[in-house]
Amino acid sequence: MLSRYSLGLLFLVSYARHIAGCCSEIKLESTGFAGSKQGERLGVYGLIGTNNGGNLYRQVNGNNYMYFLPNDGFWMVGPDPGVNHGGILNYEKGACPEDLTQDWWYWDDFFEEWDTDWSMEAKCTGSPGPDNSSTKSPDPVDPEPCTWGDVCYSCDIWAEVNGVRYCCANDCNHGGIETSSENGQVMCYCYH
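The numbering of the sequence shown is the numbering used here, which starts it at 894 and goes up by one.
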């Protein structure tokens, strides 16, 4: 068993920080014009926590985020979580991006306007996240969150529970991770 004192600060991930039932990994893809106009924003996004009360996803092989803007009432894909500035959006107010049924929009730099791409969709490529009643952080500090699924396959530090790979969301190549499972609930600890 790990000693909290021998490892330094040991974090318990707070899975209560995401909206239950949403996918842990989303693939945003298009066969339309968004692919040529905003292709750098397409790809796989892994759930890393919340922002403004909605799920926050980080692009696996890029510098973008997918997040909900509650004051504006839509989902945005851009470089700065919580900011109404990006290149892809969806005006639907759904809790999970994979459940949105309205068309996605992309910014066209040439015409300097938003345009729809009926072929663009956010597909679930990871399992639904743990239940909101799962683990809670005992520390007053904001812990580094764990994440799970395909986003962890490129990490040096990871652990597997019940066939699901877990890793630290922000720095999965240094430090350590400890996982356990009790009554179907997974607990994940990241430490650096």
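Note that CB positions come from ideal geometry on N, CA and C, so glycine has one too.
Go ahead and label residue i buried or exposed: buried means 16 or more other beta carbons lie within 10 angstroms of its beta carbon, across all protein chains shown.
i	result
D965	exposed
W1041	buried
W998	buried
C1081	buried
D1010	buried
T994	exposed
N1055	exposed
Y960	buried
W1007	exposed
Measuring CB to CB, does residue i end up less than 8 Å from residue j?
i	j	result
G942	S917	no
E922	K1016	yes
I919	P990	yes
D1043	V976	no
N945	P972	no
N983	W968	yes
I1050	G1068	yes
Along the chain, where does the beta strand (DSSP E) that runs through residue i open and close?
i	result
K930	Where K930 is concerned, there is no enclosing beta strand (DSSP E), although the alpha helix (DSSP H) it sits in stretches over A927 to K930.
C1017	E1014 to C1017
Y938	G936 to N944
T1009	E1006 to D1010
N983	I981 to N983
K986	No beta strand (DSSP E) holds K986; DSSP gives it neither H nor E.
D992	Segment: none, D992 is in no beta strand (DSSP E) and carries neither H nor E.
D996	It is not in any beta strand (DSSP E) - D996 carries neither H nor E in the DSSP assignment.
At 3 residues or longer, what runs of the beta strand (DSSP E) sit wholly inside the stretch 1044–1077?
1052–1054, 1057–1061 and 1069–1075
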